[in-house]
Structures are given as C-alpha cells and as structure tokens.
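Residue numbers (the numbering used here), protein chains in the order written: chain A, 51 to 125; chain B, 2 to 179. All C-beta atoms in this analysis are idealised placements derived from N, C-alpha and C, irrespective of residue type, glycine included.
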Amino acid sequence: MKEEFKKKLNEEHKYEGALKESTSSSERKFDSVEDLLRYDANQISVPEQVENKIKKSIAEEKSKIPFWKRWFKKF
Amino acid sequence: METKLKSATGCINKSFEDLYKENVRNVYYYALRMLGSITEAEDATHDVFIKAFRAYAQFRNESSPKTWLYRITVNHCNYLLKVRAKHPMTDIDEADIETQNEIYDSPIKVIENKEIGLLIQKTLEKLPIEYRTVLLLAKDEKLSYEEIGQLTNQTTDAVRGKLHRARKLFIYHFKKLR
C-alpha cells in the first residue's frame, strides 16, 4: 500500500515537473493542483455549529435506541 | 471536540469518535468545495456523520473506515448535486487544452491567501463533477488511486487518466480566472 501512495505522489509531482516551488512576499507557488487544494483545506476550519449540531443529533439518535438494546450493550 | 461529543452522547463508540475526529475536516472540505456553499457543506457534514453513526454498527471493515466514510460523503454530495440539478459543465473543448502546454507548464501562482479559496471554488465549478470528485479525493494523500477508483466506481487506470485531464482543466481555468 505504501508503494501505491508513493507512486501516486510521484506521479502528482512528475505531472507538474516543470513547476518549481518558490516563494516571495506577495506570491505563493504550488507544485501541483493537489498541493494547492491541500493548502486551501488547511486554511479552512470546520464551523463550531457543525460539531454542536452533530453532537445534538447523535444524542437524539442514541435516545431512539430501545432501552433493552442499550441495556444489553452494557454486557 | 471528541470529549464534548462523548460527553453529550454518553457512551459513544470510541472508534466512531476517532473516525469523526480524524475525518471531519476532510468531509467538510470535500462538501464545501463540491457544493460551493458553506451552509450546504455544514448540513452535508452533519448528515454524513449521522448516516455514518446509524450505519456504524453494520460496518464490516471490508474497506477502511476512512474510505467507507468517504463513500458516504461522495454519495451524499452527488445526491445533493442531482437534487439541485446544477451541473456546471466546461464550455471549452478539452482537445484545445491538450495542445496548450504552456498554460499548465508554469507555476500556479496566487497573489494573496484570501483569494485562494474563492479562486479554487470558481475553478472547481468550471469542471465537470467527475473531475471535481477525483481531484478532491486525490487531495487526500492517504487515499490511493485504487481507493479513489473504488469510491468512484472506476478502474485505477481510469482514475489516473481522469486525474490527468482534471489537473489540466483545473490549471487552465485557474489561470484564466486569475
């Protein structure tokens, strides 16, 4: 599996082989589209309300489980 | 976060908690860039985790939990896109791009951080959904081509080919939009 990942990454960079990373104060350069997307993903955080909503819904889901199922789960 | 999730739900399955913690960012990002709306991405992330929570007891470990969660995410976003019936299609001929090597053989430059998100979103919206999907999945270094193929119901070679075309098209539009 590791080989597969390495191959994937190599290919990603081979594709953009001509692209050289360089940085300046006003510009950013990315080696590949995937690099750009990873950078973008790192800038984004999951809003807190998502967590709260999931938390609430999971609590509701759990309350829907019949008492005997919850009781059996203890053992 | 995981502690809060646990305290709210009592004896929430520990591994589901881990699954949430490890993947919530990926799920949210995928939904955000696929759907192009913060509100819809929030709702989609919620729905994906609730679907996963309901199905987790039946999860047989036939694929990795991460891949399983991605499958739910991809299917859910595809469903939402179908409902919306918004299929942004490219208005240019891909064959033209194939011949314009200079377009993508130069660095992807971005002036300021704040413009990146908007630019990426606009660019992705120019791509056919299947290209958007493979690019957003390939962004995850931990997903192999094989796994991307499983998630999108195609062979590894097809994934490789589609990714190649998706990258070219992405760069073409990205540079055009800048």
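With the cut-off set at 8 Å, would you say residue i and residue j are in Cβ contact?
i               : j               : result
R26 of chain B  : L137 of chain B : no
S64 of chain B  : Q151 of chain B : yes
G118 of chain B : D90 of chain A  : yes
Rounded to a whole number of angstroms, what is the C-alpha to C-alpha distance between residue i and residue j?
i               : j               : result
E147 of chain B : P66 of chain B  : 15 Å
F171 of chain B : L120 of chain B : 11 Å
R61 of chain B  : K52 of chain B  : 15 Å
K83 of chain B  : R133 of chain B : 15 Å
E3 of chain B   : K177 of chain B : With a pLDDT of 45 at E3 of chain B, under the threshold of 50, the predicted position of this residue should be treated as unreliable, and no value is reported.
E13 of chain A  : L70 of chain B  : Examination of residue 13 of chain A is not possible in this model, given that chain A is present from 51 through 125 alone.
E116 of chain B : K79 of chain A  : 14 Å
E23 of chain B  : H174 of chain B : 32 Å
S145 of chain B : Q99 of chain A  : 32 Å
K123 of chain B : I115 of chain A : 43 Å
T153 of chain B : E101 of chain A : 28 Å
K143 of chain B : T40 of chain B  : 27 Å
K140 of chain B : N92 of chain A  : 11 Å
D44 of chain B  : R72 of chain B  : 17 Å
R161 of chain B : K127 of chain B : 20 Å
L86 of chain A  : A42 of chain B  : 20 Å
V135 of chain B : F54 of chain B  : 25 Å
A58 of chain B  : L125 of chain B : 35 Å
R88 of chain A  : K112 of chain A : 35 Å
E77 of chain A  : A32 of chain B  : 28 Å
E18 of chain B  : A56 of chain B  : 14 Å
K105 of chain A : G37 of chain B  : 24 Å
H165 of chain B : R179 of chain B : 21 Å
A159 of chain B : R85 of chain B  : 27 Å
Would you grab the beta carbon distance between residue i and residue j for me? Rounded to a whole angstrom, and I think it's under 8 Å.
i               : j               : result
E131 of chain B : K163 of chain B : 7 Å
K103 of chain A : H47 of chain B  : 5 Å
I108 of chain A : Y30 of chain B  : Contact doesn't hold; Cβ gap of about 21 Å is too wide.
F50 of chain B  : Y80 of chain B  : With 8 Å as the limit, F50 of chain B and Y80 of chain B do not qualify as a contact, their Cβ atoms being about 16 Å apart.
V28 of chain B  : T74 of chain B  : 5 Å
Can you name the residues of chain E whose CB is closer than 7 Å to the CB of residue i?
i               : result
F171 of chain B : Among the protein chains of the structure shown, namely A and B, there is no chain E.
Q: May I ask you to list, following chain order, the residues of the region 41-58 of chain B that have a beta carbon less than 7 Å from some beta carbon of chain A?
A: E43, T46, H47, F50, I51, F54, R55
Q: Could you please tell me which residues of the region 119-153 of chain B, in chain order, have their CB closer than 8 Å to any CB of chain A?
A: I121, L136, L137, A139, K140, E142, K143, S145, Y146, E147
Q) Closer than 7 Å, Cβ to any Cβ of chain A: which residues of the region 68-87 of chain B, in chain order? A) none
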